[in-house]
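This report concerns only the one structure given below.
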Amino acid sequence: MTKILFIGDSITEWGRHDENPIGSGYVYYVSEELQKEGFHVINKGVGGNRITDLLNRWKEDVLSEQPDIVSISIGINDVWRQIDHPEKEQVDILMFCSIYERLLSQTNAKFVLMEPTIIGEKIDSVGNQILKAYAKMVGELAKQYNAYHVNLHEVFIEAIKDGKGPFTIDGVHMNDNGNRLIADTWLHIWRSK
Numbered sequence: 003m004t005k006i007l008f009i010g011d012s013i014t015e016w017g018r019h020d021e022n023p024i025g026s027g028y029v030y031y032v033s034e035e036l037q038k039e040g041f042h043v044i045n046k047g048v049g050g051n052r053i054t055d056l057l058n059r060w061k062e063d064v065l066s067e068q069p070d071i072v073s074i075s076i077g078i079n080d081v082w083r084q085i086d087h088p089e090k091e092q093v094d095i096l097m098f099c100s101i102y103e104r105l106l107s108q109t110n111a112k113f114v115l116m117e118p119t120i121i122g123e124k125i126d127s128v129g130n131q132i133l134k135a136y137a138k139m140v141g142e143l144a145k146q147y148n149a150y151h152v153n154l155h156e157v158f159i160e161a162i163k164d165g166k167g168p169f170t171i172d173g174v175h176m177n178d179n180g181n182r183l184i185a186d187t188w189l190h191i192w193r194s195k
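Shown next as structure tokens:
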């Protein structure tokens, strides 16, 4: 059975606990489809994570599972902490890219690289302006590693322009509409390659 592992922050973790290891967010909606196709789905999202946290738990949570496919969703907290906790040690775009490449290079799997979504439901919010560079970097890494590229930031910005929201409960964490948009975008990219 092909094993696909989702890793990321609270957007990936959403609703995950011992009795519900898949959660109730986008991973749940994607897994409904993938399980029909015979995939074994694992959710390793942890709230609050930045890419530095993924580095710290990569061996235990990813490499030890020996997944065939790894879907990575990270970057929101790397940017959000720059806004809401500027006193903390920050993950700038160069550190983000360096650590991301390190994770990819040590993993023998196919990758699905998901852009960070949105910070605030205004296209010109400070968070969304900063996120552009992180989203672009994810796209470049996807090309470099011949990975699936889930262009979520672009999709969410266009959906906001089209008035299809709201997508979040607080500007970051997804409501059902947002989770479904992530899942639909993920599945569209997955099936188009």
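The number in this note's numbering is simply the position in the sequence shown, starting from 1, with 2 added.
Built from N, CA and C at the ideal position, the CB exists for glycine as well.
All values derive from a computational prediction rather than experimental measurement.
- With 16 or more other Cβ atoms from the protein chains shown falling within 10 Å of its own Cβ, Met139 counts as buried.
- The alpha helix (DSSP H) runs lying completely inside the stretch 6-93 and spanning 4 residues or more are 12-15, 28-38, 53-63 and 78-86, given in chain order.
- Looking at the backbone, the Cα of Gln37 and that of Gly25 are separated by about 14 Å.
- Around Phe98, the same chain offers Ile53, Gly77, Asp80, Tyr136 and Met139 as residues with beta carbons nearer than 8 Å, after the five sequence neighbours per side are excluded.
- Within the same chain, and ignoring the five residues on either side of Lys5 in sequence, the residues whose Cβ sits closer than 6 Å to its Cβ are His42, Pro69 and Asp70.
- Looking only at Glu89, Met116, Asp86 and Glu156, the smallest Cα-Cα distance to Tyr102 is reached by Met116.
- Partner residues in the beta bridge of Val114, as assigned by DSSP, are Ser73 and Tyr150.
- By the criterion of a C-beta distance shorter than 6 Å, Ala149 is surrounded in its chain by Phe113 and Leu115, once the five residues flanking it on both sides are discounted.
- The alpha-carbon separation between Ile171 and Pro118 amounts to approximately 16 Å.
- Along the stretch 151-180, the alpha helix (DSSP H) occurs as fully enclosed runs of 4 or more residues at 154-163, listed in sequence order.
- In the structure shown, Ile132 falls within a helical segment according to DSSP collapsed to helix, strand and coil.
- Proximity of the stretch 171-189 to the stretch 120-128 meets the contact definition, three or more beta-carbon pairs being nearer than 8 Å.
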